[in-house]
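One structure below.
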Amino acid sequence: MKNLINLAVKNLTRHTKRTLITGIAMAFGIAMLIWMDGMLRWADNESKRNLQRYEFGNFIISTKEFKTDRKNYPLNFMMDKETIRKVIEIAEGLGCSASPRTGFISLLSFNRGFGLPYVLMAMDPEKDSRVFSLKENILTGKYPDPEDTGVLISSVCSRELNAGIGDFITIETRTRYNTYQSIDIKVTGIFNAPDPVVNRNQVFITRALADSQLQTEGTASEIVVRSPSGENEPFLSRMRQGLASAGLEKDLVIETWQDLGSDFLAISQTKRGGSRIFMLLIFIIVAVGIINTMLMAVFERVREIGMLRALGMSDREVIWSFILEAAGIGFIGSFAGVLLGIGLDAYSVYVGLDFSSLFEDMDIGYRTGSVFYNEWNPDMMLLGFIFGILCTVLVSILPARKAVKMEITDSIRYI
Amino acid sequence: MATVVCRNIVKNYRIGADIVRALKDVNVSFEQGEFSAIVGPSGSGKSTLLNIIGCLDKPDQGEVKINNIIIKDQTKKALADIRRDHIGFVFQTFNLIPVLTAFENVNFVLSLKNSGSAAENRGITMKMLEEVGLKGLEHRKPLELSGGQQQRVAIARALVKEPALVLADEPTANLDSRTGESIMELMMKLNLNKRTTFIFSTHDKMVMEYARRTIDLHDGMITNDQRKKP
Ligand SMILES: Nc1ncnc2c1ncn2[C@@H]1O[C@H](COP(=O)(O)OP(=O)(O)O)[C@@H](O)[C@H]1O
Ligand SMILES: [Mg+2]
Numbered sequence: 004m005k006n007l008i009n010l011a012v013k014n015l016t017r018h019t020k021r022t023l024i025t026g027i028a029m030a031f032g033i034a035m036l037i038w039m040d041g042m043l044r045w046a047d048n049e050s051k052r053n054l055q056r057y058e059f060g061n062f063i064i065s066t067k068e069f070k071t072d073r074k075n076y077p078l079n080f081m082m083d084k085e086t087i088r089k090v091i092e093i094a095e096g097l098g099c100s101a102s103p104r105t106g107f108i109s110l111l112s113f114n115r116g117f118g119l120p121y122v123l124m125a126m127d128p129e130k131d132s133r134v135f136s137l138k139e140n141i142l143t144g145k146y147p148d149p150e151d152t153g154v155l156i157s158s159v160c161s162r163e164l165n166a167g168i169g170d171f172i173t174i175e176t177r178t179r180y181n182t183y184q185s186i187d188i189k190v191t192g193i194f195n196a197p198d199p200v201v202n203r204n205q206v207f208i209t210r211a212l213a214d215s216q217l218q219t220e221g222t223a224s225e226i227v228v229r230s231p232s233g234e235n236e237p238f239l240s241r242m243r244q245g246l247a248s249a250g251l252e253k254d255l256v257i258e259t260w261q262d263l264g265s266d267f268l269a270i271s272q273t274k275r276g277g278s279r280i281f282m283l284l285i286f287i288i289v290a291v292g293i294i295n296t297m298l299m300a301v302f303e304r305v306r307e308i309g310m311l312r313a314l315g316m317s318d319r320e321v322i323w324s325f326i327l328e329a330a331g332i333g334f335i336g337s338f339a340g341v342l343l344g345i346g347l348d349a350y351s352v353y354v355g356l357d358f359s360s361l362f363e364d365m366d367i368g369y370r371t372g373s374v375f376y377n378e379w380n381p382d383m384m385l386l387g388f389i390f391g392i393l394c395t396v397l398v399s400i401l402p403a404r405k406a407v408k409m410e411i412t413d414s415i416r417y418i
Numbered sequence: 020m021a022t023v024v025c026r027n028i029v030k031n032y033r034i035g036a037d038i039v040r041a042l043k044d045v046n047v048s049f050e051q052g053e054f055s056a057i058v059g060p061s062g063s064g065k066s067t068l069l070n071i072i073g074c075l076d077k078p079d080q081g082e083v084k085i086n087n088i089i090i091k092d093q094t095k096k097a098l099a100d101i102r103r104d105h106i107g108f109v110f111q112t113f114n115l116i117p118v119l120t121a122f123e124n125v126n127f128v129l130s131l132k133n134s135g136s137a138a139e140n141r142g143i144t145m146k147m148l149e150e151v152g153l154k155g156l157e158h159r160k161p162l163e164l165s166g167g168q169q170q171r172v173a174i175a176r177a178l179v180k181e182p183a184l185v186l187a188d189e190p191t192a193n194l195d196s197r198t199g200e201s202i203m204e205l206m207m208k209l210n211l212n213k214r215t216t217f218i219f220s221t222h223d224k225m226v227m228e229y230a231r232r233t234i235d236l237h238d239g240m241i242t243n244d245q246r247k248k249p
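The listed protein sequences derive, respectively, from chains A and B.
Take the first sequence: its position 12, counting from 1, is numbered 15 in our numbering, and each next residue is one higher.
Take the second sequence: its position 96, counting from 1, is numbered 115 in our numbering, and each next residue is one higher.
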């Protein structure tokens, strides 16, 4: 075996360029694989984090009626002040943070422009900032005070309305009693959250302002709860117990962020399938490269192979010598691929890739900002390395067998 | 005891609708230590006969025995082992492995045998290269050697495993006559030293002179078989 390995290594030096080109092609494929995987993982996990940090917390408590119609933000199934107080008390008793919110479907306009649909979210700035991370994403202006009378809009909204800090925008919506209401509010803050759904759809006012302008009178349609650990359990089950012992379980329901984000989670599953197809494609390209290179090697050495077989080298040994040679290319390619992958990963982990010019307003289905980062993925590096070598070994069997297919007498006469 | 026995060898090649009768009932034996030439014009069947004796090809009819082993009954793998253990080849084109040095070319064939330690094999290889007059050139690659030197490496490669039989198909055809002569002298010397059976083919008068036995082959038939008086 040692002599075969030696022969294989020497054979790799016959056409250094060809070996390198095949190796580089492979390295490129494997590096892309590692890189894409790290990025998709980040996007996936970041999306899950953002679902919690910007949309759903860990779980949301609302009335049963509200739950069934939540997409339409109904205003006739609110929780009253007393219920809200109890629920928050229970949640905070468990160490969780809880924030009541009410969403109003609205049209926003500025300077005689047409109304653009947004959800006007009424929240308690102090409580809300303990549940959600929006406060960290203020671009200009300020995050609302509890008694603020201004509106916090997203950078997307600011651009669409062409309105900035200090401008008064017109919000057309309905009050809790379904009467039409149009209010002019000063923009006091602009945020840019990493969750595109929030960026594109939500603007924020205080509950105090909603109470006075939209007649909510201390009610709210949902209470978002965030656990101190970030995990649902054991807080979820304790919350259920708490609601039950307060006699609230008949009217209220709890939905977890996984229930609420199930659309996204399902899509993220299929995206993973998609990335596997991408992997497969890369490896088909690698396989074609290896088979091509090895077939060339076999054909240019017909006479030598004939001679070695004449001198008693068995067919198995000949096949092995070619497989080992391919494995050598596989090793070079995989090793370089992992190195390159680490480099690309590192760039994406520390610097990130700004896709904002590419898909600023495009929905690519991830709840992330337009700067994409990577997660380190040592398991994928190992997998890519092993898979790369295995793949070359596997596909090289075909050309290697070709080497012993010819009759020895024909190979010796071969010109 | 005869090293090689060929009995009633017939070999036909089919080229499209035509049948080329390359060997027509060839009977010949070679004793151990013989130094024989198969002589005949191009196309007379020399290579075909050597290939059959060398277990590279099977006759359509007839039987070949090497060291009393009946070749017909052997599997592919067994044939490879027979070639590895008993037969050395030298060809007109040297067919050395260009990425290996002279030393490695010879040593590689020895290592296929899986006998002896690596150190022992290296010693044997060095001795063999010395015997073919390549001392000091063992680290050269084939392209850094002249044609005659390359053929010497090929001879060393054929002989290093101490085969019972060495087959050389027109070993001097690619060499100038002076180099050819030195190659013949080398083979003769090795034949005497090791009592290895040599069978070579040629159509060169000068080369024939070296043989102690000359077998004339014409159109696939032996027309003359004569031994020189010692
Ligand atoms: N593989 C082959 N296929 C077809 N014909 C062949 C083959 N090998 C040899 N022949 C034919 O058999 C005859 C003998 O060839 P060969 O043994 O090579 O002669 P020599 O070595 O004496 O020149 C020639 O007519 C040659 O054309
Ligand atoms: Mg010939």
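For every residue, glycine included, the Cβ atom is placed at its ideal position computed from N, Cα and C.
At least one beta carbon of chain B lies nearer than 8 Å to the beta carbon of A313 of chain A.
For the pair G245 of chain A and K84 of chain A, the CB atoms are not nearer than the 8 Å cut-off. By the Cβ rule, the stretch 136-153 of chain B counts as touching the stretch 115-127 of chain B, because three or more pairs are nearer than 8 Å.
Bridge pairing for V206 of chain A: A:L123 [DSSP].
Considering only beta carbons, the part of the stretch 303-330 of chain A lying closer than 9 Å to chain B consists of R304, R306, E307, G309, M310, L311, R312, A313, L314, G315, M316, S317, D318, R319 and E320, in chain order.
Across the set B:N31, B:P78 and B:V45, the C-alpha of B:N31 shows the shortest separation from the C-alpha of V39 of chain B.
For secondary structure counted as the alpha helix (DSSP H) over 4 or more consecutive residues, the stretch 112-172 of chain B holds these complete runs in sequence order: 121-130 and 137-150. Contact of K13 of chain A with chain B is assigned, a C-beta pair being separated by under 8 Å.
For T19 of chain A, no CB of chain B lies under 8 Å from its own CB, so it is not counted at the interface with that chain. Of the heavy atoms belonging to ligand 1, at least one sits nearer than 7 Å to the Cβ of T67 of chain B.
The beta carbons of I332 of chain A and T19 of chain A sit no closer together than 8 Å. For E410 of chain A, the shortest C-beta to heavy atom distance toward ligand 2 is 7 Å or greater. At a cut-off of 8 Å, the C-beta of D76 of chain B has a neighbouring C-beta in chain A. Contact note: N295 of chain A does not reach chain B at a C-beta cutoff of 9 Å; the least C-beta distance is about 20 Å. Nearest to A223 of chain A by C-alpha distance, out of A:T259, A:E175, A:Y369 and A:T66, is A:T66.
Taken through DSSP and simplified to helix, strand or coil, Y57 of chain A comes out as helix.
Annotation for F107 of chain A: the continuous beta strand (DSSP E) segment containing it runs S100 to S112. For N6 of chain A, the uninterrupted alpha helix (DSSP H) segment begins and ends at K5 to L15. In the three-state DSSP reduction, S220 of chain B falls in the strand class (E or B). Distances between the C-beta of S414 of chain A and the heavy atoms of ligand 1 are all 7 Å or more. Using beta-carbon distances, I270 of chain A does not count as an interface residue toward chain B, since no partner is under 8 Å. For the pair F113 of chain B and E157 of chain B, the CB atoms are not nearer than the 8 Å cut-off.
Under DSSP, Q245 of chain B takes part in a beta bridge, and its partners are B:T233. The continuous stretches of alpha helix (DSSP H) do not include I226 of chain A, which lies in the beta strand (DSSP E) extending over residues E225 to R229. Under a criterion of Cβ atoms nearer than 9 Å, no residue of chain A is adjacent to V29 of chain B; the nearest Cβ is some 16 Å distant. In the DSSP assignment, S157 of chain A is bridged to A:F194.
Ligand 1 has no heavy atom closer than 7 Å to the beta-carbon of G309 of chain A. Taken from the Cβ of Y32 of chain B, at least one heavy atom of ligand 1 lies inside 7 Å. For V201 of chain A, the secondary structure class from DSSP, reduced to helix, strand or coil, is helix. Per DSSP, E53 of chain B is not a residue of any beta strand (DSSP E), being assigned neither H nor E. Residues of the same chain with a CB within less than 8 Å of the CB of K89 of chain A, apart from the 5 flanking positions on each side, are A249 and L251 in chain order. Exclusion of the five residues before and after N377 of chain A leaves G41, M42, W45, D348, S351 and V352 as the residues of its chain whose Cβ lies within less than 6 Å of its Cβ. By the Cβ test, the stretch 260-274 of chain A is not in contact with the stretch 169-183 of chain A, since fewer than three Cβ pairs between them sit closer than 8 Å. When beta bridges are read from the DSSP output, D357 of chain A appears opposite A:V374.
With contacts defined by Cβ atoms closer than 8 Å, F113 of chain A and N195 of chain A do not form a contacting pair. Between A101 of chain A and K130 of chain A, the CB-CB gap stays under 8 Å.
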